[in-house]
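Notes follow once the structure below has been shown.
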Amino acid sequence: MLFVGMPCARSSAMEFKSALRSLRSNPGFSILAIAILALGIGANTALFSVVNTVLLRPLDYREPDRLVLVGNNVRDRKIGLSQLSEPDFDDLHDQSTAFDGLACFLGGAGNSVLVGKSADFASVERVSPEFFHVMRIDAVLGRLFSPDEQRAGGPLATVITDAFWKRRFGGSPSAIGATLRAYDKVFTVVGVLPPGFAFPAETDLYVARAIYSRNEHRSAHNFEAIGRLKNGVSVEQAQAQLTAIGERLAQAYPLSNKNQNFRVASVQEQMVGSVKNTLYLLLGSVALVLLIACANVANLLLARATSRTREIALRAALGAGRWQIVRQLLIESAIIAVLAGAAGLALASWGIEGLITLSPQNLPRLAEIRVDGVVLLFTLGLSIAASFLFGLVPALQASRVDLSHVLQQGGGRGGVGAGSGRLRNVLVVAEIAISIVLLVGAGLLIRTFSALTSVPLGFNPEHLLVVQANLAASTLEQSQHVLTVYDEAFRQIAAIPGVIDIAGNTGIPGGPPRSNGGYVLEGGPGFDKLGMSAPQADFLVTTPGYFRALQIPLRAGRDFSARDTYDGEFVAIINETLARRSFPGQDPLGRRLRCGLDTPNFMTIVGVVADTRAADPSQPPHAALYMPHWQHPNYGRAMSFVVRTQGEPMAAAEAVRRKIREVNSEIPVKFSTMDRRLAQTVASPRFRGILLGIFAGLAVLLAMAGVYGIMAYMVGQRTAEIGVRMALGAGRITILRMVLKTGAALAAWGLLFGFAGALAANRLVESMLFGVKATDPSTFVIMAASVGLIAILACAIPAWRATRIDPLQALRQN
């Protein structure tokens, strides 16, 4: 068998060497083809690296396919998977048999943690006893919680992540037994988790759920839950079981559970659900760019085949069969594709850095994006597929040589299959059509981004420094002391040169409110009647002067003042949306309402302010209920400060930090600007618009290169004809018009098919649009005019060259 295979191996080696010689003999063609293809492969590889990491690669947990999130799903509201109350979680835990473990957790970033005398922000999670069992994780240093540490009143212990251990303890084993302060309590570090583990993402330390007493209110939805399905139990089976439990709870507790049920969702699906459509849309778009690149290279191969007609005819005359010729040409295509794939990998490494820079912060697993083995296999497979895509049809076309005609003619033209010219035209039309599809889609997404950034916010975001601060407190007296510290910090910061105003709020625009929930009006049905059907609002605890600092118009009444204290009459300010909803056609001033934040007291409405948009400018303003910080100190201690400055906000950051440290060195601070916060609210539309715009621009560039190439080739092929026309009296304007007419016809067909494709494809982006329709005529017209103009410009140089042909020289050459 070895000797039988040796002639085949020698034959393949000879064909490979022959292909290399052929490509080296025309380096201009080879370099151009590799460069065009490398752009397409590189762009696809870079984006696939993101898709692979975010959507395809399993999570870095043991048996991640069995991990699910469990949450509430309120029937009348489109809020997806929301949090659970403690009683509901305990009922699910005790009654469900679908899980090998079910745990709840509560926490997040923005907690003040004191290690020694150094204060910092940290993400702290309160977890129930089964959490680490569900995650199948153990400590690599020290241990996990003991049973005593997980009961109410037990020793206070914390298990920290590897990242926090290295950042705050320098990776020293002496961290075990050390203490830190969080939630205004002192915890002993008992364990360190393995490198890379953090759930939810970026968690720093874990404490026991039992450090605070249970909240028995079923309307207090504060906890998230994660479970591990038993072997053999599907998500659908678990969902059916939880639905049945939810129905029983709705009957037992109609006031709180009537309009809700429970939902099970894969952890990975829940993590990537918000970005999946965007990434698949972009992957499909960049695949179209590769199609254009392949069409361009195919056109180059068809043109090259014409110049190689005599060479191919001689091969056939010497006994080479059609399959041998096709195989030889496909080997050349494969070499081009593999070299382009290698160059594309290099481009992808640069492209990945750009993608990470452009990506919104909510893109999961951003730090894990890299070129791995799967990406390398994808690039290899893509290169091989591309070689067939751009190489097969030209190879078949070139192999259909008219041997007798070529040998009789003795030249290098005219012997390739007669359909090659039509095929080149079809490829160029396809390139233009695809570029129109991408351009129109990009135009719609860019206009969406523009519309989102033009939405009136209801306040002035310029020159605003946002200072995140948090000083821990666990009692009313401690929270009131924190507010005293904050008030002094406000006075000190207000004295900094260049500071115009300062205030605080628990729900600064650019992010979600710290709390929301139901409210009831005095004289109307109470919570005991309405339960979960009570009207909803965002709850915002704020200082006097907040509306002035953000320049939010006061529509009626007054602002908060120093007399709105804990011992005085409880008051509130509402926004216009809440006023329209609850007091249509009435004056709300003096009316009273109560909310489920932290007090049973009714609050007198003393003011109405303009609506503001907080986290998503595409959504209408939420109803908002503002409350003075001294009347709600337990929430007021978690305020962020907003500082209006005369100049660049970040220029004042260091002075603000110094003033806060002078007041209290245990307050951790983190700085941002309002502009940066607002930029994150439109980061996803910006990401989509910019990337699709880049892909569309690349597609147009390649398509116009194709137009230029085919027009230049056509002029070269028709040199003799043009010479005859000019000899018979045709002027340069006539020749120019003839060439441009051919190019315009190709562009017109491309635009026609492109419009049809865009109308069909725009349904994929319709749900992502804001302020513009998928069939917006102006976008279609602008993009068509742009492509048409560029196509004419691409034809201009070949057309000009055609007018410079010397008739006598052209006739002699023929």
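Quick note on numbering: the sequence shown equals residues 1 to 814 in UniProt numbering. By construction, the Cβ of each residue, glycine as well, lies at the ideal position given by its N, Cα and C atoms. Every value quoted in this text rests on a predicted model; they were computed, and no experiment measured them.
Check                                                                                                                                                      : Outcome
I'd like the list of long-range same chain contacts for residue 794, defined as Cβ closer than 6 Å, with 5 residues on each side in sequence excluded.     : 704, 707, 708
Within 10 angstroms of the Cβ of residue 538, are there 16 or more other Cβ atoms? Answer buried if so, exposed if not.                                    : buried
Can the beta-carbon of residue 541 be found closer than 9 Å to that of residue 576?                                                                        : no
Any chance the segment 118–128 sits against the segment 254–269, with 3 or more Cβ pairs inside 8 Å?                                                       : no
What distance in whole Å lies between the Cβ atoms of residue 113 and residue 180, which are believed to be in contact at a cut-off of 8 Å?                : 6 Å
Just reading off the alpha helix (DSSP H) that residue 490 is part of, what are its end residues?                                                          : 476–494
Would you mind working out which of 739, 648, 644 sits nearest residue 500, comparing C-alpha positions?                                                   : 644
Taking the straight line between their C-alpha atoms, what separation do you get for residue 647 and residue 495?                                          : 15 Å
Are residue 175 and residue 141 touching if we call contact CB-CB under 9 Å?                                                                               : yes
With DSSP collapsed to three states, give me the class of residue 462.                                                                                     : coil
How long is the line joining the alpha carbons of residue 619 and residue 155, rounded to whole angstroms?                                                 : 46 Å
Along the alpha helix (DSSP H) that carries residue 757, what are the first and last residues, could you check?                                            : 732–761
My guess is that residue 552 and residue 610 are in contact by the Cβ rule of under 8 Å, so how many angstroms apart are they, rounded?                    : 6 Å
Could you check what DSSP says for residue 820 in three-state terms: helix, strand or coil?                                                                : Here the chain comprises residues numbered 1 to 814, so residue 820 is not present and cannot be evaluated.
Start and end of the alpha helix (DSSP H) containing residue 786?                                                                                          : 777–803
Please determine if the segment 802–809 and the segment 717–726 are in contact, where contact requires at least 3 C-beta pairs separated by less than 8 Å. : yes
What is the DSSP secondary structure of residue 627, reduced to helix, strand or coil?                                                                     : strand
So if DSSP puts residue 48 in a beta bridge, which residue, or which two residues, is it bridged to?                                                       : Bridge partners of residue 48: none, in fact.
Measuring CB atoms only, is the segment 157–173 touching the segment 85–95, in the sense that at least three cross pairs come out at less than 8 Å?        : no
Please look up how many angstroms separate the CB atoms of residue 790 and residue 700, rounded, as I've assumed it's under 8 Å.                           : 6 Å
If you measure between the beta carbons of residue 507 and residue 614, is that distance less than 9 Å?                                                    : yes
Would a C-beta distance cut-off of 9 Å place residue 346 and residue 383 closer than the cut-off?                                                          : no
Taking C-alpha atoms, which residue in 225, 435, 29, 100 lies nearest to residue 755?                                                                      : 435
CA-CA distance, residue 205 and residue 783?                                                                                                               : 52 Å
Ordered along the chain, which non-local residues of its own chain (more than five positions away) have a Cβ less than 6 Å from that of residue 414?       : In this prediction, residue 414 has a pLDDT of 48, which is less than 50 and means its spatial position is unreliable; what the coordinates show is noted afterwards. Closer than 6 Å at the Cβ level, and outside the excluded window around residue 414, lies no residue.
Under three-state DSSP, which class holds residue 415?                                                                                                     : Confidence is the limiting factor: at residue 415 the pLDDT is only 48, short of 50, which leaves the residue's position unreliable, though a coordinate-based value still follows. Correct three-state label for residue 415: coil.
How about residue 442 and residue 692: are their beta carbons less than 9 Å apart?                                                                         : yes
With a cut-off of 8 Å on the beta carbons, I'd call residue 454 and residue 245 a contact; round off their distance for me.                                : Their Cβ separation, rounded to whole angstroms, is 47 Å, which puts residue 454 and residue 245 out of contact at 8 Å.
Are the CB atoms of residue 100 and residue 268 nearer to each other than 9 Å?                                                                             : no
For residue 370, count neighbouring Cβ atoms within 10 angstroms of its own Cβ and tell me buried if that reaches 16, exposed if not.                      : exposed
So, at 7 Å on beta carbons, what are the nonlocal neighbours of residue 148 in its own chain, with the 5 sequence-adjacent residues on each side left out? : 154, 155
Provide the residue(s) that pair with residue 603 in DSSP beta bridges, ordered along the chain.                                                           : 593
Beta-carbon separation of residue 543 and residue 590 under 9 Å?                                                                                           : no
Taking the beta strand (DSSP E) that residue 536 belongs to, which residues open and close that run?                                                       : 536–542
Check whether the segment 731–748 touches the segment 474–481, taking contact to mean three or more Cβ pairs, one atom from each stretch, closer than 8 Å. : no
Measure the C-alpha to C-alpha separation of residue 213 and residue 254 and round it to an integer number of angstroms.                                   : 25 Å
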